[in-house]
């Protein structure tokens, strides 16, 4: 599915001030995007600013020690228990679980940074955490970068964007979506949220 045949998002928000106002009032926020784009950092800052529980799909749902994936049924059960909470920020894309996550979501932030920036983010994160597990990752999953991961980042827009858009339209047609495509936009959003009363 290419850009021409992808469905349009019905409830996209382009104005950062309007988005910040919606985020202030939201109880359940989904932050998604490519690895290395800054979604975890953004999620943690929003969670801290508004006293929301932070849920990491990587840490809390997907991975077991040693980079072993949990069974799909167990992943869904964990997600169901997490989304039952009243106030959270959930960090992670995974369109296969949009059917259960989007109906409970008040606001979506889609971090869509350029792929070179995402690769830089992933590599610099690896250098910072080399040989260790970062807090947003499951215990026993030491930070790593390999060609498969870099290839995933390089092709994520082509391979996953159609699935993400289709999932948003199908399972969250009325959920407002903000797309952040630059670090400048992200900093501006955080400034607006920091200034909120």
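Numbering (the working numbering), first residue to last: 3 to 199.
C-beta: ideal position from N, C-alpha, C; glycine also.
Here the structure is a predicted model, which means the values were calculated and not measured.
When the options are compared against residue i, the one with the closest alpha-carbon
i, options, result
"residue 16", "101, 192, 186, 182", "182"
"residue 27", "99, 45, 108", "108"
"residue 122", "134, 136, 142, 147", "147"
"residue 65", "55, 80, 35, 51", "80"
"residue 29", "104, 140, 165", "104"
Cα-Cα separation between residue i and residue j, rounded to whole angstroms
i, j, result
"residue 3", "residue 159", "Residue placement at residue 3 is poorly supported in this model, since its pLDDT is 43, which falls under 50; the coordinates still yield a value, given next. If I take the Cα positions, the gap works out to 12 Å."
"residue 1", "residue 37", "The first residue shown for the chain is 3 and the last is 199, placing residue 1 beyond what the model contains."
"residue 90", "residue 131", "26 Å"
"residue 46", "residue 156", "25 Å"
"residue 53", "residue 151", "32 Å"
"residue 85", "residue 174", "15 Å"
"residue 169", "residue 24", "21 Å"
"residue 40", "residue 113", "7 Å"
"residue 69", "residue 190", "35 Å"
"residue 99", "residue 58", "14 Å"
Residue interval of the alpha helix (DSSP H) (run including residue i)
i, result
"residue 23", "18-27"
"residue 130", "117-131"
"residue 60", "It is not in any alpha helix (DSSP H) - residue 60 carries neither H nor E in the DSSP assignment."
"residue 195", "185-196"
"residue 164", "149-173"
Residues that residue i bridges to, as DSSP identifies them
i, result
"residue 65", "71"
"residue 90", "30, 55"
"residue 111", "33, 180"
Cβ separation of residue i and residue j, assumed to be a contact under 8 Å, to the nearest whole Å
i, j, result
"residue 42", "residue 93", "5 Å"
"residue 195", "residue 51", "6 Å"
Beta carbon proximity, residue i to chain B, threshold 8 Å
i, result
"residue 18", "Here there is only one protein chain, and chain B is not present."
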